[in-house]
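2 protein chains.
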Amino acid sequence: MLNKLVIIGVGLIGGSFALDLKRARLVREVVGIGRSEANLARALQLKVIDAASQDVASAVQDADLVLLATPVGQMAGVMAQLARALPHDAIVTDAGSTKGDVAALYRAHLGHHLARCVPGHPIAGSDLSGAAAARYGLFEAKKVVLTPLEETSPEALARVRLLWEACGAEVLQMSASEHDAVFAAVSHLPHVLAFAYVNSLLARPDAASCLQLAGSGFRDFTRIAGSHPEMWRDIVLANRGPLLADLAAFKQQLDKTIAQLEAGDAAALSADFLAASQVRSGWKR
Amino acid sequence: MLNKLVIIGVGLIGGSFALDLKRARLVREVVGIGRSEANLARALQLKVIDAASQDVASAVQDADLVLLATPVGQMAGVMAQLARALPHDAIVTDAGSTKGDVAALYRAHLGHHLARCVPGHPIAGSDLSGAAAARYGLFEAKKVVLTPLEETSPEALARVRLLWEACGAEVLQMSASEHDAVFAAVSHLPHVLAFAYVNSLLARPDAASCLQLAGSGFRDFTRIAGSHPEMWRDIVLANRGPLLADLAAFKQQLDKTIAQLEAGDAAALSADFLAASQVRSGWKR
Numbered sequence: 570m571l572n573k574l575v576i577i578g579v580g581l582i583g584g585s586f587a588l589d590l591k592r593a594r595l596v597r598e599v600v601g602i603g604r605s606e607a608n609l610a611r612a613l614q615l616k617v618i619d620a621a622s623q624d625v626a627s628a629v630q631d632a633d634l635v636l637l638a639t640p641v642g643q644m645a646g647v648m649a650q651l652a653r654a655l656p657h658d659a660i661v662t663d664a665g666s667t668k669g670d671v672a673a674l675y676r677a678h679l680g681h682h683l684a685r686c687v688p689g690h691p692i693a694g695s696d697l698s699g700a701a702a703a704r705y706g707l708f709e710a711k712k713v714v715l716t717p718l719e720e721t722s723p724e725a726l727a728r729v730r731l732l733w734e735a736c737g738a739e740v741l742q743m744s745a746s747e748h749d750a751v752f753a754a755v756s757h758l759p760h761v762l763a764f765a766y767v768n769s770l771l772a773r774p775d776a777a778s779c780l781q782l783a784g785s786g787f788r789d790f791t792r793i794a795g796s797h798p799e800m801w802r803d804i805v806l807a808n809r810g811p812l813l814a815d816l817a818a819f820k821q822q823l824d825k826t827i828a829q830l831e832a833g834d835a836a837a838l839s840a841d842f843l844a845a846s847q848v849r850s851g852w853k854r
Numbered sequence: 570m571l572n573k574l575v576i577i578g579v580g581l582i583g584g585s586f587a588l589d590l591k592r593a594r595l596v597r598e599v600v601g602i603g604r605s606e607a608n609l610a611r612a613l614q615l616k617v618i619d620a621a622s623q624d625v626a627s628a629v630q631d632a633d634l635v636l637l638a639t640p641v642g643q644m645a646g647v648m649a650q651l652a653r654a655l656p657h658d659a660i661v662t663d664a665g666s667t668k669g670d671v672a673a674l675y676r677a678h679l680g681h682h683l684a685r686c687v688p689g690h691p692i693a694g695s696d697l698s699g700a701a702a703a704r705y706g707l708f709e710a711k712k713v714v715l716t717p718l719e720e721t722s723p724e725a726l727a728r729v730r731l732l733w734e735a736c737g738a739e740v741l742q743m744s745a746s747e748h749d750a751v752f753a754a755v756s757h758l759p760h761v762l763a764f765a766y767v768n769s770l771l772a773r774p775d776a777a778s779c780l781q782l783a784g785s786g787f788r789d790f791t792r793i794a795g796s797h798p799e800m801w802r803d804i805v806l807a808n809r810g811p812l813l814a815d816l817a818a819f820k821q822q823l824d825k826t827i828a829q830l831e832a833g834d835a836a837a838l839s840a841d842f843l844a845a846s847q848v849r850s851g852w853k854r
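Residue numbers (my numbering), protein chains in the order written: chain A, 570 to 854; chain B, 570 to 854.
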């Protein structure tokens, strides 16, 4: 049971975490912190949080747990404020989509507090954002990856794990670099491709007809291009090493397809499409 | 009211068309033709069709309308058989995803019959295939594009339009080349990108971890990579001119993103992601 949970960034992830823990009676009070007063007012109105604040120092007094659920690009500023105000025992965790850079931020700003820092990443993204997107059960049967620092205490790690499990999530543990390599491939690369694809469509003179005639394949393929631009700018910059490598590999694969098309090589196209189709059809989640 | 409808290729599209027209009492008898006896047996069992045949010549005797719903790559062979057997008045239409090449096939094989030929493309794709995927209402609120030949009679065009409208579809009309340019952009390119993306993932040594940790963004982005490989081989080859141009434009856009990433140009990344995100979020379908 947490006496006081502070959520910094009350959006889809932070808000849904608060809702689930309140429903599970694992937290007494949730304080939300954010840049947008309108969003905090909405969060209060929806009872996602019990109190709102724009002042980190006063809000984290007596906090048991602080969840950083802002875009990664804002975490440095938030941690600098936390460094001066955090109670000695408070656990700090985060929901950042990249983990190598967030680990470096913990070291830079909370070096005295690393035993209580538990970097994490709930895999429950969405193109929705803001407190109004928060909902019960968002993490049910979803995965949460924790990437503890060398210094993270087993007890702090266990407590964070338990809270995510109480939200219905399956918790996995790996190193920050393993995490970042995998998510460059399965998440960051698809987002970059979807953004680039939509922009290449917009550059066409017949873009309006295209959008009018686009069907369900387009709908699903481009859903992630509706994602939060600032958050995704931060993610791709934070993880640009692995991402650039994956982009190069993707371009090679695409050039192979282009060569097959130019050559009219039906057998090679079939074989490649079949390989992808079989894996995708067999993928269960 | 059609006395006899012949569906060549009883899959998602052909089967769903038959179901809707039967429910609307617009057809007395549906005869299904296909290469797979198991699929035809399934179609009979599910009452998608009333009779099955593997012989085009006998099946199309007395037919009022023939729908070609096979992959485009099989249409030449089917039309060659139709040429010898088609009743003088029978309307021929198709559901091919490319229209320039199908128009050429009509001219090559059914030159004597062009007034009764109505090329078409229902926009209701899916990664599902086979008669078992057929369902009522598939075309409800979907678009169907008809690309009549110069020779197509207004009466034949009107009859095909009416049948699709009876299935709940919105029918549009354009030239084959307009159609092919738009669908290269909104459908064929995304499929090629999704196939290439899945194949680039499979080439990784940590592909298994990637598939295990992939989330809902991956799920939607790659759904079309589960599509029918043979059908998509035919489509991309049939429309490779416009598709190769779109691939080149996409690669340019991707190179722009890569340069922004390499330069760490946060403002340019934000601006491009925002442009895509706004269009995608505002897109309604």
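Beta carbons are placed, not taken as given, at the ideal position from N, Cα and C, and that holds for glycine. The structure presented is a predicted model; accordingly, all values stated were derived computationally and were not measured.
query, result
"Cutoff 9 Å: K825 of chain B Cβ touching any chain A Cβ", "yes"
"Local Cβ density within 10 Å of S744 of chain B, reported as buried at 16 or more and exposed below that", "exposed"
"Chain A contact for L780 of chain B (CB, 9 Å cutoff)", "yes"
"Short-range partners of chain B found in the region 632-664 of chain A, where Cβ spacing is below 7 Å", "none"
"Reference A776 of chain B, options A:A754, A:V761 and A:S778, closest by Cα", "A:A754"
"Partner residues on chain A for G795 of chain B, Cβ-Cβ distance less than 7 Å", "S846, R849 and S850"
"Residue from A:G578, A:H757 and A:P798 with nearest C-alpha to D663 of chain A", "A:G578"
"Length of the line joining the Cα atoms of A763 of chain A and V751 of chain B", "18 Å"
"Closer than 9 Å to chain A by CB, D670 of chain B", "no"
"Buried versus exposed call for R685 of chain A [16 or more other C-beta atoms within 10 Å across all chains shown]", "buried"
"Pairwise C-alpha distance: H682 of chain B and S778 of chain A", "31 Å"
"Per-residue DSSP class, three states only, for A632 of chain B", "coil"
"Nonlocal neighbours in the same chain, by C-beta distance under 8 Å from R597 of chain A, ignoring five residues either side", "M570, L571, N572 and K573"
"Of the listed residues B:I692, B:I602, B:L838 and B:L613, nearest to L780 of chain A (C-alpha basis)", "B:I692"
"Simplified DSSP assignment, three categories, for P798 of chain B", "helix"
"Cβ-based burial, G646 of chain A [other Cβ within 10 Å; buried from 16]", "exposed"
"Chain-ordered neighbours of I692 of chain A on chain B, where CB pairs are closer than 7 Å", "L782 and G784"
"Residue(s) in a DSSP beta bridge with L806 of chain A", "Per DSSP, none; premise fails for L806 of chain A."
"Distance, A672 of chain A Cα to P640 of chain A Cα", "15 Å"
"Chain-ordered chain B contacts of L816 of chain A [CB-CB under 9 Å]", "L823, T826, I827 and L830"
"Cutoff 9 Å: K833 of chain B Cβ touching any chain A Cβ", "Looking at the sequence shown, residue 833 of chain B is not Lys but Gly. Yes, its Cβ sits closer than 9 Å to a Cβ of chain A."
"Beta-carbon proximity check, L634 of chain B vs L715 of chain B, cutoff 9 Å", "no"
"Through-space distance from A738 of chain B to L590 of chain B, alpha-carbon basis", "12 Å"
"Counterpart residues of A620 of chain B in DSSP-defined beta bridges", "B:V600"
"Identified DSSP bridge partners for V661 of chain A", "A:V635 and A:C686"
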